[in-house]
Ligand code: FES
């Protein structure tokens, strides 16, 4: 076998896949995204043909010529790598080697139909627009004259396109052991015993850990600044399993294959307990209580009734205006679970270094993870180091501690290096999901089209544990109503435990679900009033300098410090006034236009601490240490831009180090769209402090300054989305003809990066709006369990989004910036449902808007659009 032009004498193990073999030989540009040939992250060339190396037996390549991304330049692939660099055709960059290698294998047939040829190579971050630009040879950036406001490329770009970028497991640790997890096959049971004798007899098995080996400490897998935000209801390994897929035991062995084989030999005996698989069953009188064993001080609203979180809030009184108004809409909406599908699975590697536990992990919150490990294992902060280098996508799924705790248990007990990497099937069945939601929205207006009452009654399924339940519920229902000035509002909402896989943080943090409900109801009300949907929203939305009256908590630190919402509305209307591509031919196709508006607070409530240190080196270069993490959000570049702008140096003079607990004392982490607004403000202040210090110091002095910010006061960002769609009323087929989003991101520090965030978020949202969903089967097993079954949008599935930037300057953000990490996702589903309503007269109230669902809804349709739509 020759690999990248060099003879390789190593012999693969029996049944070893080519991907595993190549990674063992140190070719880390070959990524692990799935094990079924469905994501393309592991693509390499074998004798010139692109193959998915995860399903390609290594022995079949024994006499082959193999090229990985690391060797592509030597076989003429430099042009392709340069094209991806010029187009910055990546966000996190985890998929990039596979995408480039797929393109490198193109022959004439593939070049003639690129959409089909790229179908099995997924990217979850970019929405594929920048990848198409790269393949078409279009550049997205040019050298900039000043750092702020320019399309500055990522400093990690050259390493990403050549496969040199090091993601979590792309390092060599000598004699590392591998962990695999024995998971529950039943939804609710007491573990009576775990017999590991057969597993331990397998050669290569080093240890099997059960609840008897783990500390009896309760915590939440959710990572927040305040641990009291989430119920303390989780253990490293518990005596009770509350969902299919829960960890029961951990097997450590010399190879992952041996550990996996041994897992099948661990015998678990259970005392079966009655299970509740949906929120209705969980709230029924007499239903089994999942956490009845927890004391009152564990942060659970009502453990006896399976209520994790209970929210009630009122402004004014909704009853009178609802009774008095002639213009009332009441609709009930359902949003199912969804999966993040970050292409890098949850993974962690750990070892001991001078007695200190070192954990390198795929986490958005390394400092909070360190603190949690300290608490669980009774360690001091100086005894634990957590590193999160470049992360392969996150979307909230890595604001969770799903691997680090059980891995630390093994490293501490064995004193040897261990790594744990979820399979794609585990991501679907055991990692967290977006919360499923059911919610009834009632809205009323007077004859002047002013809103008079808004009532929201909602339930979320938090699954077996309450991680993020409070934050998601609170943010989702409160911020969805906050968008509108209305004198009377009411919220009644609960998050309910069920014996299903736990839900958790997901991009949008609850808002996507609740905005779907509220915006569709608002759209219906505007139709009832005969007012243009955008004019109705604009008339009733908050405006610049408005204060918010908090519905469910004490004084708020949020104001509308700036608003370009009217500009956003105007940009979308003007864009959609341009000619659209025609619908497919045939009289069965109906065309419609739909809009939605959303608002997002620029940082999470409750103080989000970001820390930064800048050191001036002797040669006018600077080292910038940031606590916040990089997972494709682009903040590493934005921070260098902010610092360079203040320090008056070039971007290249700033060397950035990130998300390592030895660099700084504390940092809350990268979530809640805080990377630019909160952490960027810390960088701005530190840079200004350093400028002042340098002015007072001797020339050439080495100086270091630190700054932290707490993300308060906060403002809001706005997003408006518009679709023109065609719906085939005979089949339910839905075609997106135009797809436009206008964003109020304040001062846009890096337009190329911000555009990439919007493009990726819109396609991720369209996936959840049209094809993606998870459900729990009759045994409590989450379905589907494969990428193919889940149907993530692929290259060529959807038209690109047209991104428009409105102009504003927010006084609370660094240099006037607002956050834009999550916001673009939220209005997509309601805008699409509103467009379908406009096209067909049918109001569909459940997601996804699949062809099957639309077909069923349209079959019940009696006539064309009328004043009272059919509701499905
Ligand atoms: Fe493609 Fe992140 S850039 S998955």
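Residue numbers (the numbering used here): 923 to 1794.
Even glycine gets a Cβ: it sits at the ideal position worked out from N, Cα and C.
Based on the DSSP output, what are the partners of residue i in its beta bridges?
i: residue 1798; result: Nothing can be reported for residue 1798, as the shown portion of the chain is limited to 923 through 1794.
i: residue 1100; result: 1175, 1341
i: residue 1677; result: Paired residue(s): none; residue 1677 is not in a bridge.
i: residue 1458; result: Residue 1458 is not bridged to any residue.
i: residue 1530; result: Its beta-bridge partners do not exist; DSSP assigns none.
i: residue 1698; result: 1704
i: residue 1112; result: 1162, 1193
i: residue 939; result: 979
i: residue 1650; result: 1511
i: residue 1668; result: 1739
i: residue 1117; result: 1189
i: residue 1521; result: 1640
Look at the Cβ atom of residue i, then the Cβ atom of residue j, and state whether they are nearer than 9 Å.
i: residue 1112; j: residue 1193; result: yes
i: residue 1164; j: residue 1517; result: no
i: residue 1272; j: residue 1263; result: no
i: residue 1387; j: residue 1153; result: yes
i: residue 1244; j: residue 1364; result: yes
i: residue 1586; j: residue 1131; result: no
i: residue 953; j: residue 1047; result: no
i: residue 1726; j: residue 1497; result: yes
i: residue 1069; j: residue 1566; result: yes
i: residue 1052; j: residue 1681; result: yes
i: residue 927; j: residue 993; result: yes
i: residue 1044; j: residue 1355; result: no
i: residue 1655; j: residue 1642; result: no
i: residue 1678; j: residue 1556; result: yes
i: residue 1128; j: residue 1176; result: yes
i: residue 1396; j: residue 1432; result: yes
i: residue 1601; j: residue 1665; result: no
i: residue 1667; j: residue 1629; result: no
i: residue 1357; j: residue 1327; result: no
i: residue 1314; j: residue 1426; result: no
i: residue 1285; j: residue 1310; result: yes
i: residue 1550; j: residue 1596; result: yes
i: residue 1436; j: residue 1378; result: yes
i: residue 1770; j: residue 1694; result: yes
i: residue 1158; j: residue 1331; result: yes
If you count every other CB in all the chains shown that lies within 10 Å of the CB of residue i, and 16 or more means buried, which is it?
i: residue 931; result: exposed
i: residue 1228; result: buried
i: residue 945; result: buried
i: residue 1064; result: exposed
i: residue 1469; result: exposed
i: residue 1531; result: buried
i: residue 1109; result: buried
i: residue 1779; result: buried
i: residue 1599; result: buried
i: residue 1372; result: exposed
i: residue 1701; result: exposed
i: residue 1033; result: exposed
i: residue 1744; result: buried
i: residue 1631; result: buried
i: residue 1782; result: exposed
i: residue 1055; result: buried
i: residue 1173; result: buried
i: residue 1774; result: exposed
i: residue 1213; result: buried
i: residue 1796; result: Since the first residue of the chain shown is 923 and the last is 1794, residue 1796 is not available in this structure.
i: residue 1715; result: buried
Using a Cβ-Cβ distance under 9 Å, would residue i count as near chain C?
i: residue 1483; result: Although the question refers to chain C, the structure presented lacks it and comprises just one protein chain.
Mind pulling the beta strand (DSSP E) runs of 3 or more residues that sit fully within the region 1147-1179? Contiguous beta strand (DSSP E) elements confined to the region 1147-1179 occur at 1169-1175, taking only those with 3 or more residues.
Continuous beta strand (DSSP E) assignments of at least 3 residues falling wholly in the region 967-997: 971-974, 987-989
Residue ranges of each beta strand (DSSP E) run of no fewer than 3 residues wholly in the region 1575-1623, ordered along the chain? 1576-1580
Extract the residue ranges of the beta strand (DSSP E) inside the region 1356-1383, only unbroken runs of 3 or more that lie entirely within it. 1358-1367
Continuous alpha helix (DSSP H) assignments of at least 4 residues falling wholly in the region 1015-1080: 1018-1026, 1030-1034, 1036-1039, 1051-1058
Report the start-end ranges of each beta strand (DSSP E) in the region 1408-1435 that is 3 residues or longer and not cut off at the edges. 1411-1419
Can you check the region 1207-1265 for any alpha helix (DSSP H) of at least 4 residues that lies completely inside it and give the ranges in chain order? 1241-1246
Counting only runs that start and end within the region 1707-1740, where is the alpha helix (DSSP H) found for 4 or more residues in a row? DSSP runs (the alpha helix (DSSP H)) wholly in the region 1707-1740: 1709-1712.
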